[in-house]
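J.:
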Amino acid sequence: MSTLPPPPPSDPAPVEPPRLYAVLDIGATAVRMEIAEIGSDGAIRTVETLRQSVHLGKDTFTLGRIQQSTIEDCVNILRGYRRVMKEYGVEEDRHIRAVATSSVREAANRDSFLDRIYIATKINIDIIEETEETRLTYLAVQDILTREPLLQKGDVLVVEVGGGDTELLHMHDGFVSFSNTYRLGALRMRETLESRGSSNQQMVDLFLRHIKLTVDQIKRNVPLQKASTLVAVSGDARFAAAEISSTWDHHNMVRIPTKAFAAFARQIGPLSIDDLVRDHHLSYQEAETLGPSLLAYAELAKAFRIQNIIVPKSSLRQGLLREVAIGNAWTPEFTEQVWHSALALGHKYAFDERHGTQVADLSVRLYHELQPEHLLPPRYELILRIAALLHEIGLFINNRSHHKHSMYAILNSDLFGMSRHDMLIIALIARYHRRAMPQPYHEGYATLDRDDRMVVAKLSAILRVADALDRNHMQQVREISYTRRPGQFTIYVHDVEDLFLERVALKEKGRLFDDVYGMRVSLETGTPTEGWLSDV
Amino acid sequence: MSKSKTPPVYNNRDLSWVDFNRRVLEEALDPSLPPLERLKFLAITASNFDEFFMVRVGALEFLLDQGRNEPDLSGLTVHDQLLAISSRAHEMVDTLYTCFLNQVKPALRDAGIRRLYTNDLTPQVYDYLEQVFDHDLYPILSPIALHPDEPFPSIPGLAINLLVRLKPANDAKPSRKTPFRYAVVPIPRKLGRFITVPIDEGHNYCLTEDVVAEFVERLFPGEPIAETVPFRITRNADMSVREDAAGDLLHRMKEVLDARKQSDCVRLEIAATAGKTSAEKLTSLLQVRPDAIYPISGPIDLSAYFGLARMTGLDHLRDKPWPPQQSPDVPANTSLFDIISRKDLLLHHPYESFDPVVRLVEEAADDPNVLAIKQILYRTSENSPIIAALARAANREKHVTAIVELKARFDEARNIGWAKELERSGVQVIYGIKGLKTHAKICVIVRREGGGIRRYVHFGTGNYNENTARLYTDISYLTCNDDYGADATAFFNMITGFSQPIRFRKLEAAPIGLKDRLLELIESERMRKREGQDARIIARLNSLVHPDIINALYRASQAGVKIHLNIRGICCLRPGVPGLSENIEVVSIVDRFLEHSRILYFHQGGEPQVFISSADWMPRNLERRVELLIPVDDDACRNRLIHILETIFRDTLKARRQKPDGSYERIKPSRNAPPLRSQEAFYQAAREAHQLAQRNDKAVFVPERPSLVT
């Protein structure tokens, strides 16, 4: 028909239609779900957003456990969400990711909670650790961090004041230099500090005093006089941003002067819950966290003399979606962040950075070469790289048994983005870089399942060889190539005069490699003989 | 400016409504209309009054019973209001029957439509009616004796009854010892009001109550009939559902329907011919206040004449019809998904057909890529094709959610019926939200396409009822813009209880943020005016009652904002009052179609924002109902809405303007502009657009393809 415009030019045949996923976030005050499409290019488009208030935080932070009635509330909410998922054909486990944070993590009856939810709704909820939470927070704001020039220079604090905890990332020149989780939660504050009869202003004073304690602690962890920007991630921050800046709906983020933010926090802080519900159309649960949360952001901004607060549109759920989008692999940006964080840890233990880096580099090359043998997924490359970088930090404590010192130094540190489990694997690989081979009765190793034990063995075997190649800590080995013969793996090292020292080291360390890979590893100078492979 | 401010004045809500009904009655008085059109307006006036008495007068009586006689905003107490309503209603009933008896009825008689009286029948006709009585009436009549010491029997409201006064048997004289006996004979509704009499010439009918009266002595053997008096009572129907009570909603609705049969009598209509004895007997038994008695000099309940006005074959006694036209934007053989995915679609009903909306739901039911359909059904037709499509979609494993509003006044019985039917087909039926009527008109279709999920949304100002869509002026807006889609699904998640309200991208919903948004928009015009910008508000609504909105409009007028209101019905705002509202104009159009759309325009300093809405500006809409305010940002659609608003304000033939004293007068055509009847102009424009499109269509050869619609 003549009145219709021509159809829009069709895109050059999309490779694959986008897939639908559901991510759920079981938080202290609300159960939220997002249904989103993830394109074959990783682009994320949110299709639906749902939220329902719950008393999880209230229960856990005051009673230490989740009440039966609250569990049933969650069951009902999740049954409804299941229905919405079903409408979009999102039914398989691999298309659903549900996580719970502090309010479930700290509940005494967390396991029965998870079981009940699973039995009633077939939704498998993962309780995520604090370090994982900071990683998801990072993923959630990664877009903004990498796109906004203001955030790539100087010191930036990324903060999520949640119901139970506060996640904090300190970014320096675009890299995470510190991350931690603090037990400062908007709901936790209200539940633990609130007492009958105190006026609203008295409550605000109590909140401020409590916030000050955590801010002082953060100041000790992040010894800065001044940071340039605070990135405030949370529903409360988004609410404040929408109220302060009416036009922000159309952008991914909004910048608000700290002054305006603090003024709004002071205005909201003393309001009663009922006033907030009536005047701002909030649910009771939202109203409970708003005041303390905004005060916490404002205090942090003040403490670090921050001029501007940036509020991104994204949330933990975007972090989850990004994670789904990139699959199990870690993005180059994320890998870079972890690497920076590991370097910072190494410096704390005054390690030999050049040796660490050299061994890490050699380990990665061997890891790639041996891919057909170890068959590990890509993420273990980073695990090995970090273990290699940090394998000798135990020297800081004592030369004797320094591999064991390395292990517990790593175990007792936080690396941005690495889960406790990741850290255990890293610590064990570092531990086995010399001396005893892994034994089932060894501390830590004993707790691993068979697959993880194999990972530790495979990777520490590589680390031992790489370490042997830099025996003299001189970083002489630059170029290497390899040949394989049945039962024999030969590494050719170019541009060196002799390999006497390295061969001795390898003799001492190579046995694990022989056992794990079923090949004797040996070193040669020069290049491999031509025609070698055709003999096989 | 501030010194000359005048304290606000308001029109009383109910008297303003009575004024509206008077404007409807005035249409019936127009001698230039053909007789059946005049009859239709008489029937509408009568039926409007029926509902008004049940609901509004009922509510006022209830307040009075509770001892709450406080004055309203206009300064009238409940008692004052009831008296004023009664005096105006009496006057209007007189006008109504004078018009019917002296003008419409004779005109109909001249055209061959005759009412026959039982005392003036040929023997053949008399025999015929006797047979009808014996075969069809007698078996289902159940007389009820009236006893002086017992409460008045429970007879249904709004139905015709005969009061029968009986002399004592055996010719005894009535005395104190043996008084008259009284009985009531309810005329069962299912008999209909008219009995057509087979005579060769013209259309001849008898009223059912006349025939029953003629043979009524057969019900009382041995007791001579002294008098038969037709009468009708109207009961107080303001039985809001007690949402806090136990039990599920469906059950409670049924209780309301039962309660409606036995509440107080707020109006008694009684044949003017009734003798004093009978009339007094009835009023004392019913305990009716004198001002609630309406002596009727013609057939009681003129709304029954709707049927006659609609009878086929009498087109020469009616206006030339203005049938709905196909929108030129909706080619017959193209899927609506294709059409909407190319551009937003705006339909102006009833000038443009409602079919595309029905077709969209039907296509969705049959389309394998459609995952879900969600729709609110407030008042829909019997045998609704939309309901059939929803049921079919559910049978095809699509996820169908229907929010069925049981609380739609007087449609409850019908609503319960199709709600059950939908549930049986597997539709998830939700009976509204606790404490709120779901009045928004929205349908969203979730479809999986190559590029991902796409949502097609229909927003309307009228109900999903293809019958009323031929009689009410309404707007449909169809789009697949993702912002609307996301808001639409979020809105459904909210009313189905899956999610708490989240911030919408474009929409506003009552009772959450809609009123605040309106006040903001009005206030923003006021601020702009004060800063020296152009400021203007144009609105088309059915009712304006909310004091917050009225006061905001008064403030805006005082600041100099030009405000044009086209309000069909109740308007508590008083325009043109110096120092208060001299910049406000209030116009009301009553014409062939019922003005029903809600369109809002805010000038916004030259970048106008235009909205359509399901909500009138009344407390019940903004605070106790689920309603939507939808910005229409698509340029073409927005410009079309602006054009519609401009046109209705140019109407000089069917528009009346409210004067500063609150009364309405017809607009006098200005010398500069030709007279205009906006409804006719819209119809002509739709027709021309359709014809043009058809001509263009014929200029192109289109290969025949199987239609998607089966």
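Residue numbers (the working numbering), protein chains in the order written: chain A, 1 to 536; chain B, 1001 to 1710. Positions of the beta carbon are idealized from the N, C-alpha and C atoms, including for glycine.
Is it right to say A/G131 is buried, meaning 16 or more other beta carbons lie within 10 angstroms of its own, or is it exposed?
T.: Residue numbering aside, residue 131 of chain A sits at position 131 when the first sequence is read from its first letter. A small correction: the amino acid at residue 131 of chain A is Thr; Gly does not occupy that position in the sequence shown. When all chains shown are included, A/T131 counts as buried.
J.: Is A/I128 helix, strand or coil by DSSP?
T.: Along the first sequence, read from residue 1 onward, the residue named residue 128 of chain A stands at position 128. A/I128 sits in coil when the DSSP states are folded into three classes, being neither helix nor strand.
J.: Only counting the same chain, and skipping five residues up and downstream in sequence, which positions put a Cβ closer than 8 Å to that of A/P257?
T.: By 1-based counting over the first sequence, the position of residue 257 of chain A is 257. So the qualifying residues of the chain are Q307, N308 and I309.
J.: Answer with yes or no whether the minimum CB distance from A/V70 to chain B is below 8 Å.
T.: Residue mapping note: residue 70 of chain A aligns to position 70 of the first sequence, counting from 1. Checking the sequence shown, residue 70 of chain A turns out to be Thr, not Val. Put simply, the CB of A/T70 is far from chain B, with every gap to its CB atoms at 8 Å or more.
J.: How is A/S314 classed by DSSP in three states: helix, strand or coil?
T.: Counted from its first residue, the first sequence places residue 314 of chain A at position 314. Coil, per DSSP.
J.: According to DSSP, simplified to helix, strand and coil, what is B/E1027?
T.: Taking the second sequence and counting its residues from 1, the one referred to as residue 1027 of chain B is at position 27. Looking at B/E1027 - three-state DSSP - the assignment turns out to be helix.
J.: Would you kindly report the start and end of the unbroken alpha helix (DSSP H) that includes B/N1621?
T.: Here the question's residue 1621 of chain B lines up with position 621 in the second sequence. Its alpha helix (DSSP H) spans residues P1619 to E1623.
J.: Identify every residue that forms a DSSP beta bridge with B/E1423.
T.: Mapped onto the second sequence, residue 1423 of chain B falls at position 423. None; B/E1423 has no bridge partner.
J.: Would you kindly check if the distance between the Cβ of B/A1043 and the Cβ of B/Y1305 is under 8 Å?
T.: Sequence index remark: in the second sequence, residue 1305 of chain B carries index 305 (1-based). Sequence index remark: in the second sequence, residue 1043 of chain B carries index 43 (1-based). For B/Y1305 and B/A1043, yes; Cβs fall inside 8 Å.
J.: At a CB distance below 7 Å, what residues from the segment 1345-1371 of chain B approach chain A? Give them in sequence order.
T.: L1371
J.: Who are the neighbours of B/V1446 on chain A, taking C-beta pairs under 8 Å?
T.: Position 446 of the second sequence holds residue 1446 of chain B. One finds E87 and Y88 in chain A with Cβ atoms closer than 8 Å to the Cβ of B/V1446, taken in chain order.
J.: According to a CB-to-CB cut-off of less than 8 Å, which residues of the segment 39-51 of chain A neighbour chain B?
T.: So the close ones are G39, R45, T46, V47, E48, T49, L50 and R51.
J.: What separation, rounded to the nearest whole angstrom, lies between the Cα atoms of B/I1775 and B/D1050?
T.: Past the boundaries of the shown model lies residue 1775 of chain B; chain B is included only from 1001 to 1710, so the question cannot be answered.
J.: Just checking my contact of A/L573 with A/V277 at CB under 8 Å: how many whole Å lie between their CB atoms?
T.: No answer is possible for residue 573 of chain A: it lies beyond the span of chain A, which begins at 1 and ends at 536.
J.: Kindly confirm or deny that the segment 30-38 of chain A and the segment 263-281 of chain A touch, where touching means at least three C-beta pairs closer than 8 Å.
T.: no
J.: Just the Cα atoms here: how many angstroms apart are B/L1507 and B/D1633?
T.: As a working note, residue 1507 of chain B is residue 507 in the second sequence. As a working note, residue 1633 of chain B is residue 633 in the second sequence. Whole-angstrom Cα-Cα distance: 12 Å.
J.: Which residues, in chain order, does the segment 265-288 of chain A contribute to contact with chain B at a C-beta distance below 7 Å?
T.: Answer in chain order: H281 and S283.
J.: Would you mind giving the Cβ-Cβ distance between B/Y1713 and B/F1337, rounded to the nearest angstrom? I have them listed as a contact below 8 Å.
T.: It is not possible to answer for residue 1713 of chain B, since the shown part of chain B is limited to 1001 through 1710.
J.: Spell out whether any CB of chain B is found under 8 Å from the CB atom of A/G80.
T.: Here residue 80 of chain A is taken as the residue at index 80 of the first sequence, counted from 1. Yes, A/G80 counts as interfacial toward chain B.
J.: Quick check on A/E37 - is its C-beta less than 8 Å from some C-beta in chain B?
T.: Taking the first sequence and counting its residues from 1, the one referred to as residue 37 of chain A is at position 37. Taking Cβ atoms only, chain B reaches closer than 8 Å to A/E37, which makes this a yes.
J.: If you reduce the DSSP assignment to three classes, tell me which class B/C1443 lands in.
T.: To locate residue 1443 of chain B, count along the second sequence from 1; it is residue 443. Under the three-state reduction of DSSP output, B/C1443 falls in the strand class.
J.: For A/M85 and A/I410, what's the separation of their Cα atoms in angstroms?
T.: The count along the first sequence starts at 1 and reaches residue 85 of chain A at position 85. The count along the first sequence starts at 1 and reaches residue 410 of chain A at position 410. Whole-angstrom Cα-Cα distance: 41 Å.
J.: If you draw a straight line from the C-alpha of A/R238 to the C-alpha of A/R188, how long is it?
T.: The residue given as residue 238 of chain A occupies position 238 in the first sequence. The residue given as residue 188 of chain A occupies position 188 in the first sequence. So the two alpha carbons sit approximately 20 Å from each other.
J.: Relative to chain B, which residues along the segment 227-248 of chain A have a C-beta separation below 7 Å, given in chain order?
T.: Cβ contacts with chain B: A242.
J.: Could you have a look at B/T1273 and say whether DSSP puts it in helix, strand or coil?
T.: Along the second sequence, read from residue 1 onward, the residue named residue 1273 of chain B stands at position 273. In the three-state reduction of the DSSP assignment, B/T1273 falls in the coil class.
J.: Within the 8 Å Cβ cut-off, does B/R1503 reach chain A?
T.: Position 503 of the second sequence holds residue 1503 of chain B. So, interface residue.
J.: Does the beta-carbon of A/S179 have 16 or more other beta-carbons within 10 angstroms, so that it is buried, or is it exposed?
T.: Position 179 of the first sequence, counting from 1, holds the residue named residue 179 of chain A. That one is buried.
J.: So what's B/C1571 in DSSP terms, helix, strand or just coil?
T.: Residue 1571 of chain B sits at position 571 when you count from the first residue of the second sequence. Strand, per DSSP.
J.: Mind checking whether B/D1210 and B/T1118 have CB atoms under 8 Å apart?
T.: Here residue 1210 of chain B corresponds to residue number 210 of the second sequence, with the count starting at 1. Here residue 1118 of chain B corresponds to residue number 118 of the second sequence, with the count starting at 1. Against a cut-off of 8 Å, the Cβ pair of B/T1118 and B/D1210 comes out as a contact.
J.: Report buried or exposed for B/K1659, applying the criterion of at least 16 other Cβ atoms within 10 angstroms of its Cβ.
T.: Counted from its first residue, the second sequence places residue 1659 of chain B at position 659. It is exposed - the Cβ of B/K1659 has fewer than 16 other Cβ atoms within 10 Å.
J.: For B/H1596, which residues in the same chain have their Cβ closer than 7 Å to its Cβ, ignoring the five residues on either side in sequence?
T.: Taking the second sequence and counting its residues from 1, the one referred to as residue 1596 of chain B is at position 596. Excluding sequence neighbours, B/H1596 sits near T1461, G1462, Y1472, T1473, D1474 and N1542.
J.: Name the residues in the segment 1378-1412 of chain B whose C-beta lies less than 8 Å from a C-beta of chain A; which are they?
T.: H1399
J.: Is DSSP giving B/G1460 helix, strand or coil here?
T.: Here residue 1460 of chain B corresponds to residue number 460 of the second sequence, with the count starting at 1. Strand at B/G1460.
J.: Considering only the alpha carbon of each residue, which of B/L1521, B/V1545 and B/S1588 lies closest to B/A1535?
T.: As a working note, residue 1535 of chain B is residue 535 in the second sequence. When each option's Cα is compared against that of B/A1535, the closest is B/L1521.
J.: List, from N- to C-terminal side, the alpha helix (DSSP H) runs of 4 residues or more that fit wholly inside the segment 1322-1354 of chain B.
T.: 1336-1342
J.: Let me make sure I understand the geometry here. Which of B/S1425, B/F1611 and B/I1085 has the alpha-carbon closest to that of B/F1459?
T.: As a working note, residue 1459 of chain B is residue 459 in the second sequence. Comparing Cα-Cα distances from B/F1459 to each of B/S1425, B/F1611 and B/I1085, the minimum goes to B/F1611.
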